[in-house]
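In the working numbering, the protein residues as written are 105 to 272.
If you want it as structure tokens, here you go:
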């Protein structure tokens, strides 16, 4: 009886993990050095992070439940999204961003960019209908020059279908 209960519990946990993957983060990664930009400056992520062209790149988008409710309509509604398409990743890295010099403290969703198996960029991200941008310790709050172009990049991400995502 205990064995059947344990197996049922494991199956339920696995199925729940497929619906809402568990995200385990072992370390924070400081991927950018201090940024020397002036308020209003326009830049691209590729100016600060470099992908190793010989290795497969991937991007994970981990969306917080509350922010998921207000998510821009063009983006797939799932807790974790993944992209391995090099063209889409290059679009993301080439998106023009405005340096605001401000900070936003209420963002709970995150983006992780990997080159090979190495985490090269991590940031909080907001993609809701009212507020679109990235927030991290080095850049502060940055907003895309063109919201539609930025949202279109994330609309090409796919649902992550494994029950566990380990960030390391």
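C-beta: ideal position from N, C-alpha, C; glycine also.
Taken through DSSP and simplified to helix, strand or coil, residue 195 comes out as helix. If you draw a 10 Å sphere on the C-beta of residue 250, you find fewer than 16 other C-beta atoms in it, and that means exposed. Only buried fits residue 239, as 16 or more other CB atoms lie within 10 angstroms of its CB.
Taking a contact as a CB-CB distance under 8 Å, the pair residue 241 and residue 180 does not count as one, their CB atoms being some 28 Å apart.
By the neighbour-count criterion, in which 16 or more other beta carbons inside 10 Å mark a residue as buried, residue 110 falls on the exposed side. In the structure shown, residue 206 adopts extended strand secondary structure according to DSSP, grouped into three states. Rounded to the nearest angstrom, the Cβ distance from residue 203 to residue 246 is 6 Å, consistent with a contact under 8 Å. A direct Cα-Cα distance of roughly 9 Å separates residue 170 from residue 212. Secondary structure note for residue 218: its beta strand (DSSP E) is the uninterrupted segment 214-219.
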